[in-house]
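> Take this structure first; my questions come after.
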Amino acid sequence: MIIPAFVCAVGCAVASTFEQSSSITLNNGVKMPVVGLGTFMAPDDEVAEAVYAAIEAGYRHIDTAFAYHNHRGVGEALKRAIDKGLVERRDIFLVTKLWMTQFRPDLVRPAVEHMLAELEVDYVDQMLLHWP
């Protein structure tokens, strides 16, 4: 398996031969790539460029969270990659997380709807409960 160093996203040429990372099959039959890009605390403008470059390089698993404050940047990159025909939405395994202040049952749906709007997607592939 060949995985380019993420450092390539900031300027070096990415090899044209990139093997998709292996994936595991979850209990519901969905395949999840075992290698993903984490977006911890990167500002929207930086994360938009990093996520787009990662998708160009072959990454198909993107991890973000409400607490990272960068859903808009991740969404911008996904939309750009989809609009340019690099991927379709179903090609990306998108993970985000509810923060502990959103765990109450009456707060979950509004929080998820807000995250989906910021990410500019209709669904996420995995929603986690985020606890440090």
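Letter by letter, the sequence shown follows residues -15 to -1, 1 to 117 in mature numbering (1 follows the signal peptide of the UniProt record, and there is no 0).
Heads up, the beta-carbon is just placed ideally off N, CA and C, and yes, glycines get one too.
Is the segment 92 to 103 in contact with the segment 61 to 69, if contact means three or more CB pairs nearer than 8 angstroms?
Taking 8 angstroms as the limit for Cβ pairs, the verdict is that the segment 61 to 69 does not touch the segment 92 to 103.
> Alpha carbon to alpha carbon, how far is M26 from N55?
Going from the Cα of M26 to the Cα of N55 covers about 7 angstroms.
> For R10, I'd like the list of residues in its chain whose CB is within less than 7 angstroms of its CB, leaving aside the five on either flank, ordered along the chain.
Before going on, a small fix: residue 10 reads as Thr here, not Arg. Closer than 7 angstroms at the Cβ level, and outside the excluded window around T10, lie K16.
> Restricting to Cα atoms, I'd like to know which of R74, R89, M85, W84 is closest to Y108.
Nearest C-alpha to Y108: R74.
> Give me the residue from A52, E105, E61 with the minimum Cα distance to I40.
With distances taken between Cα atoms, I40 lies closest to E61.
> What is the residue span of the alpha helix (DSSP H) that P90 lies within?
From DSSP, the alpha helix (DSSP H) with P90 extends over 90 to 104.
> For L79 and V36, which I take to be in contact (beta-carbon distance under 8 angstroms), what is that distance rounded to the nearest angstrom?
Wrong, their Cβ atoms sit about 10 angstroms apart, outside the cutoff.
> Excluding the 5 residues flanking W84 on each side, which residues of the same chain have their C-beta closer than 6 angstroms to its C-beta?
Only F51, A52, H115 meet the Cβ criterion.
> Compare the beta carbon distance of Y44 and G58 with 8 angstroms and say whether it is the shorter of the two.
No.
> What is the DSSP secondary structure of G23, counted as helix, strand or coil?
Strand.
> Excluding the five sequence neighbours on either side, which residues of its own chain have a C-beta within less than 6 angstroms of the C-beta of D110, listed in chain order?
Once the five neighbours on either side are set aside, the close Cβ partners of D110 are F78, L79.
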